[in-house]
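**Student:** Provided herewith is a single structure, encoded as structure tokens, for subsequent inquiry.
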Amino acid sequence: MASSPPKKTLNSQSSSLNRPPQAVKFGRRTSSGRSVSLSRDDDMDVPGDSSSQTDYINYTVHMPPTPDNQPAGSSGSTPAPRNKMERRLSVMKSNNKSMLLRSQTGDFDHNRWLFESKGKYGIGNAYWSEEDENYDGGVSMSDFFDKPWKPLTRKVQIPAKVLSPYRLLIVCRLVVLFFFLWWRIANPNEDAMWLWGLSIVCELWFAFSWILDILPKLNPINRATDLDALHDKFEQPSPSNPTGRSDLPGVDVFVSTADPEKEPPLVTANTLLSILAVDYPIEKLSAYISDDGGAILTFEAMAEAVRFAEYWVPFCRKHDIEPRNPDSYFNLKKDPTKNKKKPDFVKDRRWVKREYDEFKVRINGLPEQIKKRAEQFNMREQLKERRIAKEKNGGVLPPDGVEVVKATWMADGTHWPGTWFEPKPDHSKGDHAGILQIMSKVPELEPVMGGPNEGALDFTGIDIRVPMFAYVSREKRPGFDHNKKAGAMNGMVRASAILSNGAFILNLDCDHYIYNSKAIKEGMCFMMDRGGDRICYIQFPQRFEGIDPSDRYANHNTVFFDGNMRALDGLQGPVYVGTGCMFRRYALYGFNPPRANEYSGVFGQEKAPAMYARTQSGASQNSQNSQTSDIESDTQPLTDDPDLGLPKKFGNSTVFTDTIPVAEYQGRPLADHMSVKNGRPPGALLLPRPPLDAPTVAEAIAVISCWYEDNTEWGDRIGWIYGSVTEDVVTGYRMHNRGWRSVYCITKRDAFRGTAPINLTDRLHQVLRWATGSVEIFFSKNNAIFATRRLKFLQRVAYLNVGIYPFTSIFLVVYCFLPALCLFSGKFIVQSLDIHFLSYLLCITITLTLISLLEVKWSGIGLEEWWRNEQFWLIGGTSAHLAAVVQGFLKVIAGIEISFTLTSKAAGEDEDDAFADLYIVKWTGLFIMPLTIIVVNLVAIVIGASRTIYSVIPQWNKLLGGMFFSMWVLTHMYPFAKGLMGRRGKVPTIVYVWSGLVSITVSLLWITISPPDDATGGGGISV
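See below:
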């Protein structure tokens, strides 16, 4: 027997066919993960990067045709029976160099290869199937080609047994409302026409408002993601990605802050740490913080956070920590060792906890440290100036002394370019240079594994890389409109495009941290799924911590986040609510979506592909002016040619404009299925990111200058939209108006968590800002009435409701006073409480109750949460919403600008009383109207009851009607009254003063209008 050389091609002598032999292809994976395919016509040398020829023996054979391998329609003699495994060959590692042995019959003996090998098997037409008993789990053909295409997301419909009755009841209530209002109009109260008229107007508006609110809720849906499918598709080895490196697109995470006094640096630092430790490919993630105040305290706190992240991030990866906000994690009440398998977890956790405590001490000590450093440097500068002055003045100080500017200094002995503790020209909140500092460099492409560290943590086998992080503070100068948060976000969009250019942008407030480390991947499932190229953003629900157990002021707002937003997801998508939102960068640039549709008809029931208005040059442009003049600017593409008009729209940075097509391409889903349109090939995003150099950073600083947006479309059609205190809603509306759709992503584990104001005053001011923004939207071109045909009908109704809902406060205030007016006057809104009125009232109440119960059912909220929302709707409607309407009219009519202060965020240091802020009563003018309503209704109940009791002919039905509605108002006002009590019933003096004034005024007014009449007892109290 002679062994055959490795390169020799062997022919099986058992075949008697005369046709050309069939070639069989083989392959293998090299040590670097690269796939190599070989055939009988190839040179069978083993590449040097794989292994030497002494380790691998490669050969091909001619496979005799059998019924399971011959081409369809071929003919020939049937080969002799052959063992199934003898026809399956591969590339195997072996130390035996003389394995090519022939059997006694002269045939080549393959069995020795098949049964003795323990190697990893190659990929090709000859392979081992998993059902073979000797298969040892190597990579097979089926790993790449036989897997079915799996979607990354799916819709989960609401059960018909819940949704169908819900829709039916809505129709029933609409019918009942129509007949009730018809009956009310047809049966006026002749005895009190003014009461009847006021009530009719209010009820008509309430019916209209309810219709606007309920119609978009007709089609709620749920969604589910498949993270395993995402991993298999983007992070597993494949022919286009042999190494299994992540093929996911890049993500830039934006955190915005403005004032370290109201937004503590420790809160912002914890948010940053949760971002740096998120479960996403490290080389594809970049974090940015926008410090719109230019505060050195925020700057140095972020530097401390990056240093602590060198321990915190690998610790989270090693032990799979959740949540990855250290403050929240170390304050968990549950057992930290649960589901932790590594024996050194307790030791590691104790060490990291000690480091975090020291980190908090350093953060909290930064203000004093920075001030002391500034004093030392200023003293040094003063001594230096005094010495120079003496030298110039012959050894004598000038009579007027030496003045030295009290600057704020950095640790390296240079002036802080941002805001100083004592503001000076060029160093104040509204006047300072642009600042950009790369605090964590671009990570390496390949994982960097840690090792044992004496006295610290053992990160052996753990990737210790940290994502890139940059501190950004845009330039501000007097005379420029900086457009508040929207302007800061647009500055970050441009700077990040030059530095990292992630295809997607995740926007977070400084007090909203990542609670679910896989949240970004959850959102990426929607963006990378079939049809994901038409999604402009993924909105996650807002979840809050630190709320009092009773949720007195409906801070959780679950009716909106779990009800309204889930319903909008069944239309064109949820509205953008300012934080916890992942954007497609290309959509933020104002471009139109692919394959957009237009909706026509009374209810938008007719759908047709959108026709883009094209802008051409020369005579062609002039000929089309008449056709495009009536088209909304939002429906026109920014440009037909990427090289035309970009400086006018995006600014004069060619480096920035060059990133636009790159971001668009990287944001496409994989073209791995025939139904995927506008996709990219697999493996297109495997190249490493280039390191940042000085010219790149300089260009990024240039695009955050205060003059860059002059004569551009930033804030008008591009980026975050200017002109409203609720820039978030307007920005989302503009995208929907172009034809984009959005998606609502509710994860099993909350994606993000934040804080909310639990103090009554702060909560009302928060609602005031939202309502004022809605009034601004109503009086602007962003009113949904003027929307394009690319906005679905019910989506248009939802946006119309966003702009209209504050105006309900006018009618709500009037309606809250109606019960008291009825009790004062002895009249009622109807002539008598007859069977018709009571029947209609009963039907309306029952249908509303059943609708609410079914809404609670499909949205998953609790009854108590629904009731708290109803209570605060009345409280906010009679206070903040009313003030917003007044401010909106003042801005539109008189041009008075509206300014708001930041809501203070708690630093979480007061562990003795976590809800201390709940009991603090801070007087505000927003208290006046609700307090007046409470006092007036209480006085009216007393007067009405006294008059009826002492009346000769008591009218109990009118008393009961008035008292019932007064009690309805007071029941809704209970949380407000409880909030005024403070802790242990300590009511502020001003509350007593206002209550007394209102009571006296109401009593005098009642006596004046309806003086006592001893004969009839119809007015005052008869004694």
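In terms of full-length UniProt numbering, the sequence shown has 86 at position 86, counting the first letter as 1, and numbering is strictly consecutive.
For glycine and all other residues, C-beta sits at the position ideal for the given N, C-alpha and C.
On the CB-based measure, 16 or more other CB atoms within 10 Å of its CB, does glycine 250 come out buried or exposed?
**Tutor:** The residue labelled residue 250 in the question sits at position 250 within the sequence shown. So glycine 250 ends up on the buried side.
**Student:** Can you tell me the Cα-Cα spacing of tyrosine 722 and serine 879, whole angstroms?
**Tutor:** Position 722 of the sequence shown, counted from the start, is the residue given in the question as residue 722. Position 879 of the sequence shown, counted from the start, is the residue given in the question as residue 879. Each residue's alpha carbon lies about 27 Å from the other.
**Student:** Thinking C-beta only, is glycine 667 closer than 8 Å to tyrosine 586?
**Tutor:** Reading the sequence shown from its first residue, position 586 is the one you call residue 586. Reading the sequence shown from its first residue, position 667 is the one you call residue 667. Yes, the Cβ-Cβ distance between tyrosine 586 and glycine 667 is below 8 Å.
**Student:** Would you call leucine 568 buried or exposed, if buried means 16 or more other Cβ atoms sit within 10 Å of its Cβ?
**Tutor:** Within the sequence shown, residue 568 is the residue found at index 568, counting from 1. Buried, since its Cβ has 16 or more Cβ neighbours within 10 Å.
**Student:** What distance in whole Å lies between the Cβ atoms of glycine 962 and leucine 823, which are believed to be in contact at a cut-off of 8 Å?
**Tutor:** Here residue 823 refers to the residue found at position 823 when the sequence shown is read from its first residue. Here residue 962 refers to the residue found at position 962 when the sequence shown is read from its first residue. So it is a contact: roughly 4 Å between Cβ atoms.
**Student:** Relative to the C-alpha of tryptophan 210, which candidate in Leu848, Glu310 and Met674 has its C-alpha closest?
**Tutor:** By one-based count along the sequence shown, residue 210 stands at place 210. The residue with the shortest Cα to Cα distance from tryptophan 210 is Leu848.
**Student:** Under 8 Å between the Cβ atoms of alanine 374 and threonine 408?
**Tutor:** Counting from 1 along the sequence shown, the entry for residue 374 is found at position 374. Counting from 1 along the sequence shown, the entry for residue 408 is found at position 408. Their beta carbons are under 8 Å apart, which means alanine 374 touches threonine 408 by this criterion.
**Student:** Going by C-alpha distance, which of Gly876, Gln542 and Ile547 is nearest leucine 931?
**Tutor:** As a position in the sequence shown, residue 931 is number 931, starting the count at 1. Leucine 931 has its Cα closest to that of Gly876, out of Gly876, Gln542 and Ile547.
**Student:** If you count every other CB in all the chains shown that lies within 10 Å of the CB of phenylalanine 778, and 16 or more means buried, which is it?
**Tutor:** In the sequence shown, the residue the question calls residue 778 occupies position 778. Classification of phenylalanine 778: buried, given that the 10 Å Cβ count is 16 or more.
**Student:** Here's the rule I'm using: 16 or more other beta-carbon atoms within 10 Å means buried, otherwise exposed. How should leucine 890 be labelled?
**Tutor:** Walking along the sequence shown from the start, residue 890 turns up at place 890. Exposed.
**Student:** For glutamine 572, which three-state DSSP category applies?
**Tutor:** Residue 572 sits at position 572 when you count from the first residue of the sequence shown. Three-state DSSP puts glutamine 572 in coil, outside helix and strand.
**Student:** Less than 8 Å between the beta carbons of isoleucine 289 and valine 472, yes or no?
**Tutor:** The residue given as residue 289 occupies position 289 in the sequence shown. The residue given as residue 472 occupies position 472 in the sequence shown. Taking 8 Å as the Cβ cut-off, isoleucine 289 and valine 472 qualify as a contacting pair.
**Student:** Below 8 Å on the Cβ atoms is my guess for histidine 556 versus glutamate 865; work out the distance and round it to an integer in Å.
**Tutor:** Position 556 of the sequence shown holds residue 556. Position 865 of the sequence shown holds residue 865. Contact flag correct, Cβ pair sits at about 6 Å.
**Student:** Under the three-state reduction of DSSP, which class applies to phenylalanine 252: helix, strand or coil?
**Tutor:** Here residue 252 is taken as the residue at index 252 of the sequence shown, counted from 1. Reading off the sequence shown, one finds aspartate at residue 252, where the question assumed phenylalanine. The answer is strand: DSSP assigns aspartate 252 an E or B state.
**Student:** Suppose you measure from the CA of residue 1047 to the CA of isoleucine 462; what does that come to, to the nearest Å?
**Tutor:** For the chain, the structure presents residues 1 to 1023; residue 1047 sits outside this window and is missing.
**Student:** Looking at the unbroken alpha helix (DSSP H) that takes in proline 975, where does it start and where does it end?
**Tutor:** For the purposes of this step, residue 975 is taken as residue 975 along the sequence shown, with counting starting at 1. Per DSSP, proline 975 belongs to the alpha helix (DSSP H) from 974-981.
**Student:** Determine the direct distance from the alpha carbon of glycine 925 to that of aspartate 431, and round the result to whole angstroms.
**Tutor:** Within the sequence shown, numbered from 1, the residue matching residue 431 stands at position 431. Within the sequence shown, numbered from 1, the residue matching residue 925 stands at position 925. In a straight line, the C-alpha of aspartate 431 is about 33 Å away from that of glycine 925.
**Student:** Taking all protein chains shown into account, do 16 or more other C-beta atoms lie within 10 angstroms of the C-beta of serine 500, making it buried, or fewer, making it exposed?
**Tutor:** To locate residue 500, count along the sequence shown from 1; it is residue 500. It is buried - the Cβ of serine 500 has at least 16 other Cβ atoms within 10 Å.
**Student:** By the three-class DSSP mapping on this structure, what secondary structure does proline 452 have?
**Tutor:** In the sequence shown, the residue the question calls residue 452 occupies position 452. Proline 452 falls in the strand class under three-state DSSP.
**Student:** DSSP beta-bridge partners for serine 428?
**Tutor:** Within the sequence shown, the letter at position 428 stands for residue 428. Per DSSP, Asp431.
**Student:** Run the CB neighbour count on asparagine 241, radius 10 Å, all protein chains shown included, and call it buried at 16 or more, exposed below.
**Tutor:** By 1-based counting over the sequence shown, the position of residue 241 is 241. Asparagine 241 is buried by the Cβ-count criterion.
**Student:** Quick one: what's got a C-beta closer than 7 Å to aspartate 458's C-beta in the same chain, skipping five residues either side?
**Tutor:** Here residue 458 is taken as the residue at index 458 of the sequence shown, counted from 1. Result list for aspartate 458: Asp344 and Pro452, in chain order.
**Student:** Out of Leu938, Glu522 and Lys978, state which residue places its alpha-carbon closest to the alpha-carbon of alanine 229.
**Tutor:** For the purposes of this step, residue 229 is taken as residue 229 along the sequence shown, with counting starting at 1. For alanine 229, the nearest C-alpha among the options comes from Glu522.
**Student:** Return the first residue and the last residue of the beta strand (DSSP E) that asparagine 507 is part of.
**Tutor:** Within the sequence shown, the letter at position 507 stands for residue 507. 504-509 is the span of the beta strand (DSSP E), which, as asked, contains asparagine 507.
**Student:** CB-CB under 6 Å to leucine 332, same chain, minus the five flanking residues each way: which ones, in chain order?
**Tutor:** Within the sequence shown, the letter at position 332 stands for residue 332. If we look at leucine 332 and ignore the five residues flanking it on each side, it has no Cβ neighbours.
**Student:** Taking all protein chains shown into account, do 16 or more other C-beta atoms lie within 10 angstroms of the C-beta of glutamine 157, making it buried, or fewer, making it exposed?
**Tutor:** In the sequence shown, the residue the question calls residue 157 occupies position 157. It counts as exposed.
**Student:** Provide the residue span of the beta strand (DSSP E) that contains tyrosine 288, from first to last.
**Tutor:** Counted from its first residue, the sequence shown places residue 288 at position 288. Start and end: 285-291.
**Student:** Helix, strand or coil: how does DSSP classify serine 742 here?
**Tutor:** For the purposes of this step, residue 742 is taken as the residue at position 742 of the sequence shown. Reduced to three states, the DSSP call for serine 742 is strand.
**Student:** Between which residues of its own chain and valine 813 is the CB-CB distance below 7 Å, once the five residues before and five after are set aside?
**Tutor:** In the sequence shown, the residue the question calls residue 813 occupies position 813. If we look at valine 813 and ignore the five residues flanking it on each side, its Cβ neighbours are Thr878, Leu882 and Met929.
**Student:** Of the choices Trp196, Ser164, Leu152 and Ile170, whose alpha-carbon is the least far from that of glutamine 831?
**Tutor:** The residue you call residue 831 lines up with position 831 of the sequence shown. The shortest Cα separation from glutamine 831 among Trp196, Ser164, Leu152 and Ile170 belongs to Trp196.
**Student:** Taking serine 428 and threonine 414 to be in contact with their CB atoms under 8 Å, please state how far apart those CB atoms are, rounded to whole angstroms.
**Tutor:** Translated into the one-based positions of the sequence shown, residue 428 becomes position 428. Translated into the one-based positions of the sequence shown, residue 414 becomes position 414. That pair is no contact at about 18 Å.
**Student:** Using the Cβ count rule (16 or more neighbours within 10 Å means buried), how would you classify glutamate 897?
**Tutor:** For the purposes of this step, residue 897 is taken as the residue at position 897 of the sequence shown. So glutamate 897 counts as exposed.
**Student:** Measuring CB atoms only, is the region 559-568 touching the region 753-765, in the sense that at least three cross pairs come out at less than 8 Å?
**Tutor:** The region 559-568 is not in contact with the region 753-765.
**Student:** Per DSSP, histidine 319 forms a beta bridge with which residues?
**Tutor:** Counted from its first residue, the sequence shown places residue 319 at position 319. Note: histidine 319 sits in no beta bridge, so no partner.
**Student:** Measuring alpha carbon to alpha carbon, tell me which residue in Ser286, Ala820, Ile949 and Arg354 is nearest valine 936.
**Tutor:** If you number the sequence shown from 1, residue 936 lands on position 936. Of Ser286, Ala820, Ile949 and Arg354, the residue nearest in Cα terms is Ala820.
**Student:** Mind checking threonine 845: buried by the 16 CB within 10 Å criterion, or exposed?
**Tutor:** Translated into the one-based positions of the sequence shown, residue 845 becomes position 845. It counts as exposed.
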